[in-house]
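Under our numbering, think of the first position of the sequence shown as 6, with each following residue one higher.
We treat Cβ as the ideally placed atom computed from N, Cα and C, and that holds for glycine.
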Amino acid sequence: MGLKITAKTRVVGIFGHPVHHSLSPIMHNAAFESLGLDYQYFAFDVRPEMLRRAVEGLRALQMVGVNVTVPHKEKVIRYLDQLSPEARLMGAVNTIENRGGQLIGHNTDGMGFIMAFQDTFGQSVKGKRTLLLGAGGAARAVAIQMVSQGVSEMIIANRTYARARKLVKAITEIFPGASALAIRLQGESLAKICLRADILIHATSAGLMLDSLLNILPTSFRPSMLVCDLTYNPPHTPFLKMAAKAGCKTMNGVGMLLYQGTLAFRIWTGQEAPLSVMRTALEQAIQQLPVTSTQ
Numbered sequence: 006m007g008l009k010i011t012a013k014t015r016v017v018g019i020f021g022h023p024v025h026h027s028l029s030p031i032m033h034n035a036a037f038e039s040l041g042l043d044y045q046y047f048a049f050d051v052r053p054e055m056l057r058r059a060v061e062g063l064r065a066l067q068m069v070g071v072n073v074t075v076p077h078k079e080k081v082i083r084y085l086d087q088l089s090p091e092a093r094l095m096g097a098v099n100t101i102e103n104r105g106g107q108l109i110g111h112n113t114d115g116m117g118f119i120m121a122f123q124d125t126f127g128q129s130v131k132g133k134r135t136l137l138l139g140a141g142g143a144a145r146a147v148a149i150q151m152v153s154q155g156v157s158e159m160i161i162a163n164r165t166y167a168r169a170r171k172l173v174k175a176i177t178e179i180f181p182g183a184s185a186l187a188i189r190l191q192g193e194s195l196a197k198i199c200l201r202a203d204i205l206i207h208a209t210s211a212g213l214m215l216d217s218l219l220n221i222l223p224t225s226f227r228p229s230m231l232v233c234d235l236t237y238n239p240p241h242t243p244f245l246k247m248a249a250k251a252g253c254k255t256m257n258g259v260g261m262l263l264y265q266g267t268l269a270f271r272i273w274t275g276q277e278a279p280l281s282v283m284r285t286a287l288e289q290a291i292q293q294l295p296v297t298s299t300q
């Protein structure tokens, strides 16, 4: 039985459009119930033209905070009072904290990926060559966090080359000594670069160029390669199946979703998140989802 909503119940949630697919309410409400906290997490479908009013509502209603998902992670910044160092570096916010009426933007996506990576593979990203497929919001957070953690080389491959270049430019401006390269997400050059990668991450839009990738990459996989897909539904994507068949160790997007959530939980409550409870709730919810590719 879930916690009862009272006049003292504290409210958190998620702003996005759409948000009907979000698993965050299930994960966080399981955590609140486990610790006996009088909090409830709701999903709020906020259209882009209503974002400013929704953010103002956080203050007016004295909500604890919210997660922020697509398409609002960058645009929401203009309506906030402060940014954490991580959010400022990444140019995006996925968590808002209402601290006494001051709205503070955080970004837990990048560190969420790092924590999931270390949990899954038992290794650090430091010193590893990384090939990142995609240059969107999630890819940017992952790339910047990995460079900050000391990867030896960050190669960004994207269908739109200009967007990959823009991300590489941001990385080298933040970390002047970083080794970063932009390439097009196509052709034999991608396969050759893949051959020298220690870590391969798929972070393109759902299904984007998947057939092309499946044709290009099979001969480039090595058993020592660590392969990640930021998609969590389905848990075993064709990309990960292909990598596993080649003997690679793999990781899907469930861990990143979990760990970014635990970091947000701590920001809002000041308490450590019940990791095992949140993991179980998340895994059970994913098993019941119709197979699709969502963030």
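Taking the beta strand (DSSP E) that residue i belongs to, which residues open and close that run?
| i | result |
| --- | --- |
| MET247 | Premise fails: MET247 lies in the alpha helix (DSSP H), 243-250, not in any beta strand (DSSP E). |
| THR209 | THR209 -> no beta strand (DSSP E), and no H or E assigned at all. |
Could you give the distance in angstroms between the alpha-carbon of residue i and the alpha-carbon of residue j?
| i | j | result |
| --- | --- | --- |
| ILE161 | LEU137 | 5 Å |
| GLY96 | SER225 | 33 Å |
| ALA140 | GLY106 | 34 Å |
| ALA208 | SER89 | 24 Å |
| ALA248 | GLY21 | 32 Å |
| ALA202 | VAL147 | 16 Å |
| ASN238 | SER129 | 25 Å |
| TYR264 | GLN292 | 19 Å |
How about residue i and residue j: do their beta carbons lie closer than 8 Å?
| i | j | result |
| --- | --- | --- |
| VAL73 | ILE119 | no |
| MET159 | ALA185 | yes |
| ILE198 | ILE206 | no |
| ASN257 | THR236 | yes |
| LEU63 | THR274 | no |
| LEU245 | LEU28 | no |
| ALA48 | VAL24 | yes |
For residue i, which beta-bridge partners are listed by DSSP?
| i | result |
| --- | --- |
| GLY115 | According to DSSP, which records beta bridges pairwise, GLY115 is partnered with nothing at all. |
| ASN163 | ARG189 |
| CYS199 | DSSP lists no partner for CYS199. |
| GLN107 | ARG104 |
| LYS256 | It is Met, not Lys, that sits at residue 256 in the sequence shown. In DSSP, MET256 forms a bridge with CYS233. |
Less than 8 Å between C-beta atoms, sequence neighbours within five positions excluded: which residues of the same chain meet that for residue i?
| i | result |
| --- | --- |
| ILE272 | GLY70, THR100, GLU102, HIS111 and THR113 |
| PRO53 | HIS22, PRO76, HIS77 and LYS80 |
| PRO228 | ALA251, GLY252 and CYS253 |
Identify the continuous alpha helix (DSSP H) that holds residue i and give its terminal residues.
| i | result |
| --- | --- |
| ALA290 | 280-292 |
| ALA146 | 142-153 |
| GLY62 | 56-65 |
CB-CB under 7 Å to residue i, same chain, minus the five flanking residues each way: which ones, in chain order?
| i | result |
| --- | --- |
| GLY260 | ALA121, ASP124 and THR125 |
| ILE179 | LEU94 and ILE149 |
| LEU280 | THR267 |
| VAL282 | ALA35, ALA36 and SER39 |
| ARG57 | TYR84 |
| PHE270 | HIS33, ALA36 and ALA278 |
So, for residue i: in the same chain, excluding its five sequence neighbours on each side, which residues have a beta-carbon less than 6 Å away from its beta-carbon?
| i | result |
| --- | --- |
| LEU213 | Its pLDDT being 47, under 50, LEU213 is placed unreliably by the model, and the measurement read from it follows with that caveat. Result list for LEU213: empty, nothing under 6 Å. |
| LYS171 | none |
| ASP3 | No answer is possible for residue 3: it lies beyond the span of the chain, which begins at 6 and ends at 300. |
| ALA92 | VAL98, GLY110, HIS111 and ASN112 |
Could you check if residue i belongs to the surroundings of the ligand NAP, using beta carbon to heavy atom distance under 7 Å?
| i | result |
| --- | --- |
| GLU54 | Looking for the ligand NAP in the displayed structure turns up nothing, as the structure carries no ligands at all. |
Between residue i and chain B, is there a C-beta pair that is closer than 8 Å?
| i | result |
| --- | --- |
| HIS77 | The structure shown contains no chain B; it is built from a single protein chain. |
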